[in-house]
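For reference, the structure is listed below as structure tokens.
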Amino acid sequence: MEPQQEASGIRMWVEPRSRNRVATIIENFPADWNLDALVREFRHAFRCGGIIDFKRGLTIIRLQGDQRQNVLDFCAERRVGEDAFMQM
2 MEPQQEASGI RMWVEPRSRN RVATIIENFP ADWNLDALVR EFRHAFRCGG IIDFKRGLTI
62 IRLQGDQRQN VLDFCAERRV GEDAFMQM
């Protein structure tokens with residue numbers, strides 16, 4: 002799948018999983034963000050599983066299901082990094 006962001010911002014895309022399931026991948030976070038707290042809030046707000054993963058030298062958040070619009074809405078409501086995401 003093609004990432005939705007250019008290299009300078011937060012990138013978010015859906016990755017296919019087994020049995021017609023998908024995972025939302027989010028990467029390229031600012032260094033000052035508390036990712037543990039952010040993943041905890043994502044899991045609670047979206048009622049899905051989520052982890053912080055370290056891949057290819059990058060820190061990524063992996064959420065179960067297609068959560069792209071939920072992430073954008075969540076960040077817009079709380080004014081967290083809303084300028085870092087490109088509208089879908």
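Note that this note's numbering has the sequence shown beginning at 2, numbered continuously upward.
All C-beta atoms, glycine included, are put in the ideal place defined by N, C-alpha and C.
From a predicted model like this one, the values you see are computed outputs, not experimental measurements.
Sequence-distant residues of the same chain with beta carbon closer than 8 Å to A8, five excluded per side: Here residue 8 refers to the residue found at position 7 of the sequence shown. With a pLDDT of 48 at A8, under the threshold of 50, the modelled position of this residue cannot be trusted; read the value that follows with caution. Cβ within range, chain order: N29.
If I follow the unbroken alpha helix (DSSP H) through V72, where does it start and stop? Here residue 72 is taken as the residue at index 71 of the sequence shown, counted from 1. Start and end: 69-79.
D54 and I61 - do their beta-carbons sit closer together than 8 Å? Taking the sequence shown and counting its residues from 1, one reaches residue 61 at position 60. Taking the sequence shown and counting its residues from 1, one reaches residue 54 at position 53. Closer than 8 Å, so yes.
Quick one: Cα of V23 to Cα of V72, how far? Taking the sequence shown and counting its residues from 1, the one referred to as residue 23 is at position 22. Taking the sequence shown and counting its residues from 1, the one referred to as residue 72 is at position 71. In a straight line, the C-alpha of V23 is about 15 Å away from that of V72.
Reduced DSSP secondary structure (H/G/I, E/B, other) of A24: Sequence index remark: in the sequence shown, residue 24 carries index 23 (1-based). The answer is strand: DSSP assigns A24 an E or B state.
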